[in-house]
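Visitor: Next up is a structure, given as structure tokens.
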Amino acid sequence: MTSFGAKEVGEGNFMPTFKVQGQVYHRIGSLMSEPNQKPSFLQIYFVGDECHERDIRCEIYPGVYSELVHQLQKLLNQHNKYLQDFKAAIDSIPKDQKDFKVIINADRKPAGEHMAVLMLLRQKKLQF
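To convert a position in the sequence shown, counted from 1, into the numbering used here, add 34.
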């Protein structure tokens, strides 16, 4: 979904070693592909049609089982809170709006079922 970025430090040793100096970060490109460009990486999640998503992924990786890819997509769409939040952010933007940004704030984490379980356990009586 993202690209890993870091400043490269070359030391000329005979054995390649991965070292990071400074900040480690992820680069996330545009969530939407250009009009005449095929979606890739994270953009595939936002094409709007599960079958189209599956077909794009199967073109990139020929030989995978398309039904398995479709089932994995459905699983992610149903249970991945981050993906759901991204899709909700995209859906909240008017269709004629061309320039927009989705800002990810690391301090704001999605409240999921684990949070609800913790809150229930703090109560004296569990309600079902």
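Using N, Cα and C, we set each Cβ at its ideal position, and we do this for glycine too.
Note that the structure is predicted; figures quoted are calculated from it, not measured.
Check L99 in the structure and name its three-state DSSP category.
Guide: Translated into the one-based positions of the sequence shown, residue 99 becomes position 65. Reading off the sequence shown, one finds Tyr at residue 99, where the question assumed Leu. If DSSP states are grouped into helix, strand and coil, Y99 belongs with coil.
Visitor: Can you list, in chain order, the residues of its chain with a C-beta nearer than 7 angstroms to that of R91? Leave out the 5 residues immediately preceding and following it.
Guide: Along the sequence shown, read from residue 1 onward, the residue named residue 91 stands at position 57. Answer for R91: I78, V103, listed in chain order.
Visitor: How should E87 be labelled, buried or exposed, when 16 other C-beta atoms within 10 angstroms of its C-beta is the threshold for buried?
Guide: Sequence index remark: in the sequence shown, residue 87 carries index 53 (1-based). That one is buried.
Visitor: Where does D130 sit, in a helix, a strand or coil, going by DSSP?
Guide: For the purposes of this step, residue 130 is taken as residue 96 along the sequence shown, with counting starting at 1. Coil at D130, not helix or strand.
Visitor: Quick one, which of K108, V98, K132 has its alpha-carbon nearest D83's?
Guide: On the sequence shown, residue 83 is found 49 positions in, with the first residue counted as 1. It is K108 whose Cα lies nearest to the Cα of D83.
Visitor: Cβ-heavy atom distance between G63 and the ligand GDP below 7 angstroms?
Guide: For the ligand GDP, the structure offers nothing, since it holds no ligand at all.
Visitor: In chain order, what residues of the same chain have a beta carbon less than 6 angstroms from the beta carbon of S67, not counting five sequence neighbours either side?
Guide: As a first step, residue 67 must be located in the sequence shown, where it is residue number 33. Around S67: P73, Q77.
Visitor: Could you pull the start and end residues of the alpha helix (DSSP H) that Y32 belongs to?
Guide: Past the edges of the chain, shown from 35 to 162, lies residue 32, and the structure says nothing about it.
Visitor: How is the alpha helix (DSSP H) around D89 delimited, first residue to last?
Guide: The residue given as residue 89 occupies position 55 in the sequence shown. That run of the alpha helix (DSSP H) goes 84-94.
Visitor: Looking at K121 and V80, is the spacing between their C-beta atoms short of 8 angstroms?
Guide: Numbered from its first residue, the sequence shown carries residue 80 at position 46. Numbered from its first residue, the sequence shown carries residue 121 at position 87. With the sequence shown as reference, residue 80 is identified as Phe, and Val is not the correct amino acid for it. Contact: yes.
Visitor: Report the residue from E101, L65, G97, Q112 whose alpha carbon sits nearest the alpha carbon of D133.
Guide: What you label residue 133 is simply residue 99 of the sequence shown in a count that begins at 1. Comparing Cα-Cα distances from D133 to each of E101, L65, G97, Q112, the minimum goes to L65.
Visitor: Quick one: Cα of T51 to Cα of G63, how far?
Guide: If you number the sequence shown from 1, residue 51 lands on position 17. If you number the sequence shown from 1, residue 63 lands on position 29. Taking the straight line joining both Cα atoms gives about 28 angstroms.
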